[in-house]
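Residue numbers (the working numbering), protein chains in the order written: chain R, 1 to 141; chain U, 1001 to 1144. Note that CB positions come from ideal geometry on N, CA and C, so glycine has one too. In what follows, a structure is listed as structure tokens, so that the remarks can point back to it.
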């Protein structure tokens, strides 16, 4: 348990360094939903290459790390209905709110940005209620 | 060229951080949200760990310019509004349902198996549909 917290803190620090690199060198906010969304809805056409390279790094690094560590630590549900509903909600929600855990959470809170703080409160509350409802009342997740 | 290289580096660091912190593990994310179950506080450590370097990075931006030129993003309008509240609520619901948000979804595509690809396809569909969703919302309820 405690080792998970320490790994969380170390991994979190690396996420912060990633965001700081993207901000200080490229002058951009490291928000996963914005980088991805701008690429698929066409709004980020002029910066498509930069976005593509960023996403390639996010995809490739964990792929390499799994090969080297042999660790596969994820238990995504296999319920297709849940996956589709969750994906649609995350896609529409993050683009409507203009940010997700990385953009509003990491980059917004560290700037004491009111929008980031309020967004984070709402998605954590909504996520908590959703888990309680679907896990403890309905037992589907 | 340099921009692409540093974007790749930032992405690789982000992916490494997500992997090491355990944030691609959906059980951990749902465990953090599940206050009535076996509550897992790991996510708070990850957030805290990420916010510390970024706090100093934002301080640096006050007196400097980006290394590769241009300017830093301006502080957004502090207005909260319908889109921020509704969007964050919908996002939180999806996040709770699957335990995945956009970053970790991309990071676990290579080893999370087909469910991550289904989630990803639905998420991208949602992202592409959002401008139309926003227009319909505007017709029903004014944004501000």
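Indicate whether at least one CB of chain R lies closer than 8 Å to the CB of residue 1093 of chain U.
By this cut-off, residue 1093 of chain U is an interface position.
Please go through the stretch 37–76 of chain R and give each complete alpha helix (DSSP H) segment of 4 or more residues, from N-terminal end onward.
Counting whole runs of 4 or more residues, the stretch 37–76 of chain R contains the alpha helix (DSSP H) stretches 48–69.
How is residue 1079 of chain U classed by DSSP in three states: helix, strand or coil?
coil
Spell out whether any CB of chain R is found under 8 Å from the CB atom of residue 1039 of chain U.
no
Enumerate in chain order the residues of its own chain whose CB-to-CB distance from residue 1096 of chain U is below 6 Å, with the five nearest sequence positions on each side excluded.
1033
Out of U:1003, U:1014 and U:1127, which has the shortest C-alpha to C-alpha gap to residue 25 of chain R?
Of U:1003, U:1014 and U:1127, the residue nearest in Cα terms is U:1003.
Between the stretch 42–53 of chain R and chain U, which residues of the former have a C-beta closer than 7 Å to a C-beta of the latter?
49, 50 and 53
Would you mind telling me which residues of chain U sit closer than 8 Å to residue 29 of chain R, beta carbon to beta carbon, in chain order?
Chain-ordered, the chain U residues with CB closer than 8 Å to the CB of residue 29 of chain R read 1073.
Alpha carbon to alpha carbon, how far is residue 1151 of chain U from residue 1018 of chain U?
For chain U, the structure presents residues 1001 to 1144; residue 1151 of chain U sits outside this window and is missing.
Does the Cβ-Cβ distance between residue 93 of chain R and residue 1136 of chain U come in under 8 Å?
no
Please confirm whether residue 12 of chain R has its beta-carbon closer than 8 Å to some beta-carbon of chain U.
yes
Only counting runs of 3 or more residues, tell me where the beta strand (DSSP E) segments fall wholly within the stretch 65–135 of chain R, in order along the chain.
Here no run is fully enclosed.
For the alpha helix (DSSP H) that residue 1124 of chain U lies in, which residues bound it at each end?
1114–1140
With H, G and I counted as helix, E and B as strand and the rest as coil, what does DSSP make of residue 1111 of chain U?
coil
Exposed or buried, which one is residue 1058 of chain U when buried takes at least 16 other CB atoms within 10 Å?
buried
Taking C-alpha atoms, which residue in U:1069, U:1079, U:1015 and U:1099 lies nearest to residue 131 of chain R?
U:1099
Establish whether the CB of residue 1054 of chain U and some CB of chain R are separated by less than 8 Å.
yes
Three-state secondary structure (DSSP) at residue 6 of chain R?
helix
Along the chain, where does the alpha helix (DSSP H) that runs through residue 1055 of chain U open and close?
1042–1061
Would you tell me roughly how many angstroms separate the C-alpha atoms of residue 1028 of chain U and residue 1043 of chain U, rounded to the nearest one?
Annotation: residue 1028 of chain U to residue 1043 of chain U spans about 8 Å, alpha carbon to alpha carbon.
Endpoints, alpha helix (DSSP H) assigned at residue 1036 of chain U:
From DSSP, residue 1036 of chain U is part of no alpha helix (DSSP H); its letter is neither H nor E.
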